[in-house]
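Number of protein chains: 2
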Amino acid sequence: MRDVAERAAVSAMTASRALREDPRVLPATRERVLAAVAELGYRPNKVARSLRLGHGTGLVGVVVTNLANPFYSRLALGVDSVVGQQDLKTVIGNTAQDPDRERSLVADLVARRVDGIIAVPAGADQRHLAAAAAEGVPVVLASRPPVGFDADCVLVDDFGGARAGTERLLAMGHRRIGFLGSPPAVYTGTERLRGYRAALRDADVPVDERYVRQGQRETAEAAAAAGELLALPDPPTALFCSNNRNTIGAFRAISAAATDTALAGFDDFELADALGLPLTLVAYDRDELGREAARLLLDRMRHSKGTPAAPRRTVVPTTLVEYGARHVGPGA
Amino acid sequence: MRDVAERAAVSAMTASRALREDPRVLPATRERVLAAVAELGYRPNKVARSLRLGHGTGLVGVVVTNLANPFYSRLALGVDSVVGQQDLKTVIGNTAQDPDRERSLVADLVARRVDGIIAVPAGADQRHLAAAAAEGVPVVLASRPPVGFDADCVLVDDFGGARAGTERLLAMGHRRIGFLGSPPAVYTGTERLRGYRAALRDADVPVDERYVRQGQRETAEAAAAAGELLALPDPPTALFCSNNRNTIGAFRAISAAATDTALAGFDDFELADALGLPLTLVAYDRDELGREAARLLLDRMRHSKGTPAAPRRTVVPTTLVEYGARHVGPGA
DNA sequence: CTGTTAGCGCATTCAG
DNA sequence: CTGAATGCGCTAACAG
Numbered sequence: 001m002r003d004v005a006e007r008a009a010v011s012a013m014t015a016s017r018a019l020r021e022d023p024r025v026l027p028a029t030r031e032r033v034l035a036a037v038a039e040l041g042y043r044p045n046k047v048a049r050s051l052r053l054g055h056g057t058g059l060v061g062v063v064v065t066n067l068a069n070p071f072y073s074r075l076a077l078g079v080d081s082v083v084g085q086q087d088l089k090t091v092i093g094n095t096a097q098d099p100d101r102e103r104s105l106v107a108d109l110v111a112r113r114v115d116g117i118i119a120v121p122a123g124a125d126q127r128h129l130a131a132a133a134a135e136g137v138p139v140v141l142a143s144r145p146p147v148g149f150d151a152d153c154v155l156v157d158d159f160g161g162a163r164a165g166t167e168r169l170l171a172m173g174h175r176r177i178g179f180l181g182s183p184p185a186v187y188t189g190t191e192r193l194r195g196y197r198a199a200l201r202d203a204d205v206p207v208d209e210r211y212v213r214q215g216q217r218e219t220a221e222a223a224a225a226a227g228e229l230l231a232l233p234d235p236p237t238a239l240f241c242s243n244n245r246n247t248i249g250a251f252r253a254i255s256a257a258a259t260d261t262a263l264a265g266f267d268d269f270e271l272a273d274a275l276g277l278p279l280t281l282v283a284y285d286r287d288e289l290g291r292e293a294a295r296l297l298l299d300r301m302r303h304s305k306g307t308p309a310a311p312r313r314t315v316v317p318t319t320l321v322e323y324g325a326r327h328v329g330p331g332a
Numbered sequence: 001m002r003d004v005a006e007r008a009a010v011s012a013m014t015a016s017r018a019l020r021e022d023p024r025v026l027p028a029t030r031e032r033v034l035a036a037v038a039e040l041g042y043r044p045n046k047v048a049r050s051l052r053l054g055h056g057t058g059l060v061g062v063v064v065t066n067l068a069n070p071f072y073s074r075l076a077l078g079v080d081s082v083v084g085q086q087d088l089k090t091v092i093g094n095t096a097q098d099p100d101r102e103r104s105l106v107a108d109l110v111a112r113r114v115d116g117i118i119a120v121p122a123g124a125d126q127r128h129l130a131a132a133a134a135e136g137v138p139v140v141l142a143s144r145p146p147v148g149f150d151a152d153c154v155l156v157d158d159f160g161g162a163r164a165g166t167e168r169l170l171a172m173g174h175r176r177i178g179f180l181g182s183p184p185a186v187y188t189g190t191e192r193l194r195g196y197r198a199a200l201r202d203a204d205v206p207v208d209e210r211y212v213r214q215g216q217r218e219t220a221e222a223a224a225a226a227g228e229l230l231a232l233p234d235p236p237t238a239l240f241c242s243n244n245r246n247t248i249g250a251f252r253a254i255s256a257a258a259t260d261t262a263l264a265g266f267d268d269f270e271l272a273d274a275l276g277l278p279l280t281l282v283a284y285d286r287d288e289l290g291r292e293a294a295r296l297l298l299d300r301m302r303h304s305k306g307t308p309a310a311p312r313r314t315v316v317p318t319t320l321v322e323y324g325a326r327h328v329g330p331g332a
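Written as structure tokens, this is what we have:
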């Protein structure tokens, strides 16, 4: 920058001000500086800038468990679309479900002095997030509520959506309805299980615990679990799945077993209409989840000085989507 | 950090060294420092560190056009999995196909002094990347070759894969084969079109230009374009698509038209086996693309001092995958 | 093995 | 309106 200042025949200070559009700089002076910048190809060093400012690296950290899952990539995109408008960049950290990795990722983001963190914590232990928040880094949780500390969060209506999806199966006349879900430690999964149970209870249908399978993360595991349910002596006539991984796995099991088991699940997904099976899905706006999380974060960042406002919690609503057996065209 | 040093009764310098595992520090001293760190909850400020070092923010920038496309999220994941092992973090920038956004994103990454950039440039103008490389930031291109400057890159065998896919349709006896692809400015799309043309030429089948439709980015556009081809007086009996967006769009058009048009395309995708249609896909290891790009980048970062090595180019091979009409189970 | 000096590039403070 | 001094937090380079 000194080179620029010299070339423009001003002090480094004036050059700095000119670049930050400080109104106190004479237009003519600014022009000279800008010209020098262009000629020398100078670029301000944002690292030095943030060090000096003591805050504001212009980065927002997003911590997710699996970016390959469209759910998380859309979340990240939603965040980026909002913070990008404030000239903030998104740093994405993928934990691959590893709590240690999540912990170190968050620690690293704090050490980098990111302006804020949006996280989808994998497990129940959120002390690392609590620590980050305690150090003054705004934290927003997405799709999971904070446990053990205060933070803004944006949730999906897991309970209501799952109940509505299960009610749909009940309305179709099913009484033996299975449940396939994520490991119990996953908040959304257990919340959706609660919704499933509530629907059955309200319909006076007893829950047969043999029909409840938690713990499947990927489609292969889900297909295996679904296959086991279908192989029971009195198999369920319908399945409700807590996420798209389980729904797709269940679809494969049902296809393989050649039964006409009814299927419903949480999360819409591409080509759901093309599977040649009637399918009820609990849908919601995935991008909106990220956008809302980003909005909460920006708000928190703006008011970081002064009395911290009470933590806010928003809930994204769900809708039921029905796909027909042959919605897209003729079968084989 | 001064507080830590004081608490441990050493100088700031020694504290710094202790934290960086400098072997010259007495174990007992290190213990004292570590204890002080724990008690004070101190975290080293990585911003200051990178400023001092003058390089090495520990960040790798990944610039993609659309993170919602599994292709790009997998690429990013592949990159992250490799650079993560070197304690580097991944900054993801989404350009949403906007050249201006891409330009400013790259400029920003350079201003942030990222250690390297992996980019999938959207258009043919790569001057911003050339500028970054010229400023000493290692740049690796993924799935597109550099134009107008030298850089490492990792490509997919676009030409060979498309030719093989088209040959498969020819081998099935088709002679009227349509082509659906991305806008001409997209390198992969035109390369795959070349492969398609080569296959037809080698089989002495003239290319009917009415059958060639470029310009579809999303499935809806692709479905419309495919629908137009199928509505021709002498419609193609088979379609080759240059990417998964076009393949899925074509699938929808074929389903809607209830024809038995054969379908082949570049890019494997989830549920491709469940569409109830025979389908030939040109597959390749998407994660590997990112991993290899990361490897090239790490290599380049390591040898950034000294004579720059000649640019390297690796090509990821493709394989043909066949999905049957009713692979997963019974139809409607 | 440990401490002192100096400076990375920028922006706030206070003088001109 | 512009300039000079000072320090953000950290670490190479040189003492001791």
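In the order they appear, the protein sequences are chains A and B. Okay, so the first sequence: first residue is 1 according to the UniProt record's numbering, each after it adds one. Okay, so the second sequence: first residue is 1 according to the UniProt record's numbering, each after it adds one. All C-beta atoms in this analysis are idealised placements derived from N, C-alpha and C, irrespective of residue type, glycine included. Just so it is clear, the structure is predicted and the values come from calculations on it, not from any experiment.
Where residue i and residue j are concerned, what is the direct C-alpha to C-alpha distance, given to the nearest angstrom?
i	j	result
Ala134/A	His303/A	15 Å
Tyr196/B	His55/A	54 Å
Arg2/A	Glu39/A	14 Å
Lys46/B	Leu297/A	22 Å
Glu209/A	Ala131/A	39 Å
Val114/B	Pro138/B	9 Å
Leu129/A	Val106/A	7 Å
Thr65/B	Gly148/B	20 Å
Ala76/B	Ala48/A	28 Å
Ala309/B	Gln86/B	22 Å
Ala231/A	Glu221/A	15 Å
Gly41/A	Ala35/A	10 Å
Thr219/A	Arg300/A	38 Å
Could you give the first and the last residue of the continuous beta strand (DSSP E) run that contains residue i?
i	result
Phe179/A	Ile177 to Gly181
Gly93/B	Lys89 to Asn94
Asp152/B	Asp152 to Val156
Arg313/B	Arg313 to Val316
Thr319/B	Thr319 to Tyr323
Asp238/A	The displayed chain sequence assigns Ala, not Asp, to residue 238/A. Unbroken beta strand (DSSP E) run through Ala238/A: Ala238 to Cys241.
Leu59/B	Leu59 to Val64
Phe269/A	Run containing Phe269/A: none; DSSP gives neither H nor E here.
Pick from the options: whose alpha carbon is nearest that of residue i?
i	options	result
Gly84/A	Arg291/A, Thr95/A and Ala220/A	Arg291/A
Arg144/A	Val10/A, Val186/A and Gly116/A	Val186/A
Ala68/A	Glu221/A, Asp87/A and Gly93/A	Gly93/A
Phe179/A	Val114/A, Leu229/A, Leu26/A and Gln97/A	Leu229/A
Arg43/A	Arg194/B, Ala111/B and Pro233/B	Ala111/B
Thr261/A	Glu102/A, Val316/A and Gly227/A	Gly227/A
Val120/B	Pro236/B, Leu59/B, Glu102/B and Met172/B	Glu102/B
Val156/B	Pro236/B, Val147/B and Leu141/B	Leu141/B
Tyr72/B	Asp287/B, Pro27/B, Ala203/B and Lys89/B	Asp287/B
Once the 5 residues before and after residue i are set aside, which same chain residues still bring their CB inside 8 Å of it?
i	result
Leu200/A	Thr166, Leu170, Ile177, Pro206 and Val207
Ala9/B	Arg32
Thr57/A	Lys46, Ser50, Arg112, Arg113, Val114 and Asp115
Ala238/A	Leu169, Met172, His174, Arg176, Ile177, Gly178, Thr261, Ala262, Leu263 and Ala264
Within its chain, find whatever has a CB closer than 6 Å to the CB of residue i; leave out the 5 residues flanking it on each side and keep chain order.
i	result
Thr314/A	Val154 and Glu292
Ala223/A	Gly249, Arg252 and Ala253
Asn244/B	Asp267 and Phe269
Arg192/B	Asp158, Ala162, Ser242 and Phe266
Ala12/B	Met1, Arg2 and Ala5
Val212/A	Phe179
Gly181/B	Gly189, Leu193, Gln214 and Ser242
Val25/B	Arg17 and Ala18
Cutting at 7 Å between CB atoms, please list the residues of its own chain near residue i, excluding the five before and the five after it.
i	result
Thr190/A	Pro184
Gly160/A	Gly195 and Thr318
Pro235/A	Leu229
Leu320/A	Ala164, Gly165, Arg168, Thr280 and Val282
Ala122/A	Thr65, Thr95, Gln97, Pro99 and Glu102
At which residues does the alpha helix (DSSP H) containing residue i begin and terminate?
i	result
Arg210/B	Note, Arg210/B: premise wrong, no alpha helix (DSSP H); not H, not E.
Ala198/B	Tyr187 to Asp202
Leu275/B	From DSSP, Leu275/B is part of no alpha helix (DSSP H); its letter is neither H nor E.
Determine which residues of the UniProt domain "HTH lacI-type" (1-53) of chain B have a Cβ less than 7 Å from any Cβ of chain A, and write them out in chain order. Arg43, Pro44, Asn45, Lys46, Val47, Ala48, Ser50 and Leu51
What are the residues of the region 237-253 of chain A that lie near chain B, defined by any Cβ-Cβ distance shorter than 8 Å? Taking a C-beta cut-off of 8 Å against chain B, the contacting residues of the region 237-253 of chain A are Ile248, Phe251 and Arg252, listed in chain order.
In chain order, what residues of the region 67-84 of chain A put their CB closer than 9 Å to some CB of chain B? Leu67, Ala68, Asn69, Pro70, Tyr72, Ser73, Arg74, Ala76, Leu77, Asp80, Ser81 and Gly84
For the region 269-293 of chain A, which residues have a beta carbon sitting closer than 7 Å to at least one beta carbon of chain B? So the list reads Leu271, Ala274, Leu275 and Gly276, given in the order they occur along the chain.
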